[in-house]
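**Student:** Residue numbers (our numbering), protein chains in the order written: chain A, 822 to 936; chain B, 60 to 278; chain C, 6 to 226. Dropping a structure here in structure tokens format, bear with me for questions.
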Amino acid sequence: MKQVIITCMLSLLCVTGQFVNPGDDIAPPNAVEVSGTGTMSHGFHTAFSLRPENAFGDTGTTPATASAAPAEQTTGNDVLYRVTGVILIIWIVLGIYLFSIDRKISALERSSREP
Amino acid sequence: MVKTIIAHIKKDFRIEFRNRYAASVSFSFAFTTTLAISLAAGGIPFSPQTHAVILWIIMFFTAMSGLAHIFVREEDRGTSLFLQLNSPPLAVFTAKLLYNVLLFFILQCLILPVYLFFMQLDVQSPLFFLGYVFLGGVSLSSSLTILAAIVSRAGARGALFPVISLPVSLPVLWVVIQGTSRSLGRAGFSNPGDMVFLLAFSGTITAVSYLLFEFVWHD
Amino acid sequence: MKYIYRLVYIIMPAAIVMAFLYAPPAEGLGESSRLLYVHVPLAWVSVLAFSVSGILSLLFLFTGNGERTERVHAARNSAAIGLLFTVLATFSGSVWSKLSWGAYWNWDPRQTSIIVLMLVYIAYFSLESALRENSSRPRIVSAYLVFAMVTVPFFVFVVPRMFPSLHPDPIINPDRQVHLESAMKISLMTAIAAFTLLYGYLLDLANRVTAIKEQQKGHLL
């Protein structure tokens, strides 16, 4: 059980670590808006507009940054593929561990049922 | 049943005023804490919100030091088995619940003037302020009585009672602190909705306590 | 029943792929909105685990003459898993809070309710360990859990409605509807299903281990 807990926490750290330190790889919000991404209701937008504007270190769209937007979006997508890959690997390891525990428990149950 | 309940309450108060253990410890705690805060503040005026927070922290920990005693005393003196055999659980619980509510009410009547005097509190809406304080006291004492019964069966009671009481008391504390700060800060403040919440909470918790007490009380 | 839980091996990877590659990022929040597909299922499972513990404790107290001790063990296992998910939900929520609202902790009513849930779990385990020598332990801890189960809805549902919250309207709103785009809604529902199955699977494993331990204890006696 301890290993399960540690693995879950590590996987969560990996996921959230990608967001807390985005660096230059994650696309800034306005570049994402340009490509017409999903929207949430006005209430959500209003509530979350309380966050500081330069949360991602972005100071707004300029002609220079607008032309760099498609390249940044491609880089953003690469990061997403990498994050997905890392988390899938973590899940596969966790899944193999859970499956091995399941099999051991089944073996113990069979042996306890035998006279 | 009513006679049994009244007899138990009289007995508990008689024992309590013979040695005054719970009342004196609780009041001393509240008194020394108020003095310490007043001394440390050195006359600096607090906002109504700060006053509300400090007052209710004092009230909460006063409850922690005094309200478990009614069941702990029975276990320590070995009289709980006699009570289990002698009286129906509903009568025992009702008596203990009313005792705790009355005791905490008396303690609040003693603590409040001390706090108002030493902290120089200026109350803008006195009626609602008193309403929040006493209704909050009723809610706290009614929710903590069954926890006192639970903790009397365990070891490390002194430390355990606040640990198991805090999650249950937090809804009450949240509402009364907000209400108390508004009644302190605003003249003509009126919000009966909070009072209704406190009454509803007390009622629900008391009803559930009645259902569960038998499982806690009997071996 | 355990074969249903094994669907988690398929649904969890699907949820991960949908969360990061299928669902679009939210307007205004950008990619950090993908924490929605982790934080909300974790919070949901922590409340579910608590409810399951409470219901099992209720069943133990009011049915079976107090002899069905496997329910107490199952309640304890559910509480242990619930505590883990509550800690993870608090952690993921605080990271998202830092990104959205600028601070790790704001004492928002929803944040406060998850901390209260954690306090209840901690109190439950403290009480259980303090009653280790007491033969009435199953009944007393079950009574505490039922009592706490009654108070938590006040904190999770009533008090946040009385005070303003920073939590977003699409998830928590008076209509009790999820106001999200369809791709995001599907991804969220898949993530919730995956985490629920994970909880069920962990609970099933824990219960089976406890049953084996009890059986061996019975053999020794």
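Even glycine gets a Cβ: it sits at the ideal position worked out from N, Cα and C.
1. Please check if any C-beta of chain C sits within less than 8 Å of the C-beta of V904 of chain A.
2. Between I16 of chain C and A198 of chain C, which are expected to be in contact by the criterion C-beta below 8 Å, what is the C-beta distance as a whole number of angstroms?
3. Should R76 of chain C and F65 of chain C be called a contact, given that it needs their Cβ atoms to be closer than 8 Å?
4. Output the boundary residues of the alpha helix (DSSP H) element that contains E133 of chain B.
5. Contact criterion: CB-CB distance below 8 Å. Does E930 of chain A meet it with respect to chain C?
6. Going by DSSP, what residue range makes up the alpha helix (DSSP H) through V84 of chain B?
7. Measuring only the C-alpha atoms, how far is I9 of chain C from V22 of chain C?
8. Could I get the ranges of all uninterrupted alpha helix (DSSP H) runs contained in the region 77-164 of chain C, with 4 residues as the minimum, in chain order?
9. If you compare alpha carbons, which of B:V255, B:A266 and B:F86 is closest to G30 of chain B?
10. Based on the DSSP secondary-structure assignment, which residues constitute the bridge partners of A31 of chain C?
11. Verify whether the separation of the beta carbon atoms of V231 of chain B and L257 of chain B is less than 8 Å.
12. Any beta carbon of chain B sitting closer than 8 Å to that of F160 of chain C?
13. Quick one: does I908 of chain A have its CB under 8 Å from some CB of chain C?
14. Between R144 of chain C and chain B, is any beta-carbon pair separated by less than 8 Å?
15. Is it right to say D253 of chain B is buried, meaning 16 or more other beta carbons lie within 10 angstroms of its own, or is it exposed?
16. Do you know how far the Cα of V125 of chain C is from the Cα of M194 of chain C?
17. Residues of chain F with CB closer than 9 Å to the CB of F152 of chain C, please, in chain order.
18. Determine, using beta carbons only, whether D71 of chain B and A154 of chain B come nearer to each other than 8 Å.
19. Please report the straight-line C-alpha distance between P158 of chain C and R115 of chain C, rounded to a whole angstrom.
20. Quick check on E36 of chain C: buried or exposed, where buried means 16 or more other Cβ atoms within 10 Å of its Cβ?
21. With 8 Å as the threshold, decide whether the Cβ of E899 of chain A is near any Cβ in chain C.
22. Looking at the secondary structure, which residues open and close the alpha helix (DSSP H) in which N70 of chain C lies?
23. Quick one: measure Cβ to Cβ for P107 of chain B and L243 of chain B, integer angstroms, because I've assumed they're closer than 8 Å.
24. So, helix, strand or coil for T934 of chain A, using DSSP?
25. Output the boundary residues of the alpha helix (DSSP H) element that contains N145 of chain B.
26. Taking only beta-carbon positions, decide if N139 of chain C is within less than 8 Å of chain B.
27. Spatial neighbours of W276 of chain B within its chain, please: CB distance less than 6 Å, with the 5 preceding and 5 following residues excluded, ordered by chain position.
28. For the region 111-127 of chain B against the region 81-100 of chain B, do three or more pairs of beta-carbon atoms, one drawn from each stretch, fall closer than 8 Å, so that the two count as touching?
29. Beta carbons nearer than 8 Å to chain A: which residues of the region 192-210 of chain C have them?
30. Between the region 166-182 of chain B and the region 214-229 of chain B, do at least 3 Cβ pairs fall closer than 8 Å?
31. For A135 of chain C, which residues in chain B fall below 7 Å Cβ to Cβ?
32. Could you please give the first and the last residue of the uninterrupted alpha helix (DSSP H) stretch that includes L219 of chain B?
33. Counting C-beta neighbours from all protein chains within 10 Å, is the total for Y129 of chain C 16 or more, i.e. buried, or is it exposed?
**Tutor:** Looking at the coordinates:
1. yes
2. 6 Å
3. yes
4. H128 to R136
5. yes
6. Y80 to A100
7. 21 Å
8. 114-135 and 142-158
9. Because chain B here runs from 60 to 278, residue 30 of chain B falls outside it and cannot be looked at.
10. C:G35
11. yes
12. yes
13. yes
14. yes
15. buried
16. 27 Å
17. This model lacks chain F altogether; the protein chains it does include are A, B and C.
18. yes
19. 12 Å
20. buried
21. Strictly speaking, residue 899 of chain A in this sequence is Asp, with Glu absent from that position. Answer no: the Cβ-Cβ gap between D899 of chain A and chain C never drops below 8 Å.
22. Here N70 of chain C belongs to no alpha helix (DSSP H), and DSSP marks it neither H nor E.
23. 4 Å
24. Looking at the sequence itself, residue 934 of chain A is Arg, so the reference to Thr does not match. Residue state, collapsed to three classes: helix.
25. S139 to N145
26. yes
27. P148
28. yes
29. Y206, L207 and L210
30. no
31. A213, G214, A215 and L219
32. R216 to G244
33. buried
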